[in-house]
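Trainee: What follows is a structure written as structure tokens; I'll ask about it next.
Residue numbers (our numbering): 44 to 287.
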């Protein structure tokens, strides 16, 4: 008997070159799951009016409605803007998507927060490509919900242009992951869906001994879970698929 075909719909920043190939690779071992993408304009990350306007829900909703044309089973926003704009923004976005399309929705950030609860993380290591003021917002928002991020457990690379984020090398990321673990992190998030990091998670978990929660991975994991997929079939992409 053939398993039900499951279609995942992913909302994608237009300048992102990392998340699509990584997401395809993550689900490749599950034959009845396909992934479909819809883009909306995002080119740079900052707290400027122009930078924040890229994430206006009306713009994202148009991309979500196009995914609904494919009759996907779940819609996921593979992006992290809620971390500097406020977690409640992603909650409202998901509610709006479901109200308009009838399709359940999640995001990288909401999924990450679920994983932090599951792994009982109270001190988070945060590795991002962002500017100082963006990182400060993210740290503040996590501290507000009782997840501690300190100067010892955060590193950021002050990159603005999104296409430049995908050029950050694996060695640089590994160094930063090691530094935040040394600073006392109980888990680490490689936090930006244009970082090419998800395929290194299992190696870093083995090397540093803590869960590593990449934001491309978190949204994919949550979508699969909500669609009733046994994620233990996904090997080589981190503890989240085996333990959460």
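A virtual CB, placed ideally from N, CA and C, is assigned to each residue, including glycine. Since the model is a prediction, treat every value here as computed from it, not as a measurement.
Determine the closest residue to residue 246 out of 257, 259, 279, with distance taken between C-alpha atoms.
Mentor: The shortest C-alpha separation from residue 246 is found at 279.
Trainee: Between the region 209 to 219 and the region 146 to 164, do at least 3 Cβ pairs fall closer than 8 Å?
Mentor: No: the two stretches stay apart, fewer than three of their Cβ pairs being nearer than 8 Å.
Trainee: Measuring CA to CA, which of 270, 269, 262 is closest to residue 155?
Mentor: If we check each option's Cα against that of residue 155, 262 comes out closest.
Trainee: How should residue 198 be labelled, buried or exposed, when 16 other C-beta atoms within 10 angstroms of its C-beta is the threshold for buried?
Mentor: Looking at its Cβ environment, which holds 16 or more other Cβ atoms inside 10 Å, residue 198 is buried.
Trainee: Across which residues does DSSP place residue 52 in a beta bridge pair?
Mentor: Beta-bridge pairing links residue 52 to 79, 118.
Trainee: Is the beta carbon of residue 274 sitting closer than 7 Å to the one on residue 259?
Mentor: Cβ distance not < 7 Å, so residue 274 and residue 259 don't count as in contact.
Trainee: Less than 6 Å between the CB of residue 243 and some heavy atom of the ligand MG, yes or no?
Mentor: What this structure holds is no ligand at all, so the ligand MG is not there to describe.
Trainee: Going by beta carbon distance, what residues of the same chain come within less than 7 Å of residue 87, once the five residues before and after it are set aside?
Mentor: Counting only Cβ-Cβ distances below 7 Å, and skipping sequence neighbours, we find 94, 203, 204, 205.
Trainee: Under 8 Å Cβ to Cβ from residue 81, same chain only, skipping five residues before and after it: list those, please.
Mentor: Contacts found: 52, 53, 54, 55, 106, 107, 109, 110.
Trainee: Are the beta-carbon atoms of residue 229 and residue 177 separated by less than 7 Å?
Mentor: No, Cβ-Cβ distance for residue 229 and residue 177 is not below 7 Å.
Trainee: Which residue or residues does DSSP assign as beta-bridge partners of residue 169?
Mentor: Its beta-bridge partners are 197, 232.
Trainee: Do you know offhand how far residue 221's Cα is from residue 142's?
Mentor: If you take the alpha carbons of residue 221 and residue 142, they lie about 42 Å apart.
Trainee: I'd like to confirm the pairing. Which residues does DSSP put opposite residue 255 in its beta bridges?
Mentor: Note: residue 255 sits in a beta bridge opposite 231.
Trainee: Return the chain-ordered list of same chain residues with a C-beta closer than 6 Å to the C-beta of residue 60, the five sequence neighbours on each side being excluded.
Mentor: Excluding residues within five positions, the ones whose Cβ falls inside 6 Å are 209.
Trainee: Report yes if the C-beta distance between residue 255 and residue 231 is below 7 Å; otherwise report no.
Mentor: Yes, Cβ-Cβ distance for residue 255 and residue 231 is below 7 Å.
Trainee: Under 8 Å Cβ to Cβ from residue 272, same chain only, skipping five residues before and after it: list those, please.
Mentor: The answer, listed in chain order, is 49, 73, 76.
Trainee: Where does the unbroken alpha helix (DSSP H) through residue 287 begin, and where does it stop?
Mentor: Where residue 287 is concerned, there is no enclosing alpha helix (DSSP H), given that its DSSP letter is neither H nor E.
Trainee: For residue 113, which three-state DSSP category applies?
Mentor: Residue 113 falls in the coil class under three-state DSSP.
Trainee: Return yes when the Cβ of residue 170 is within less than 7 Å of the Cβ of residue 123, no when it is not.
Mentor: Contact: no.
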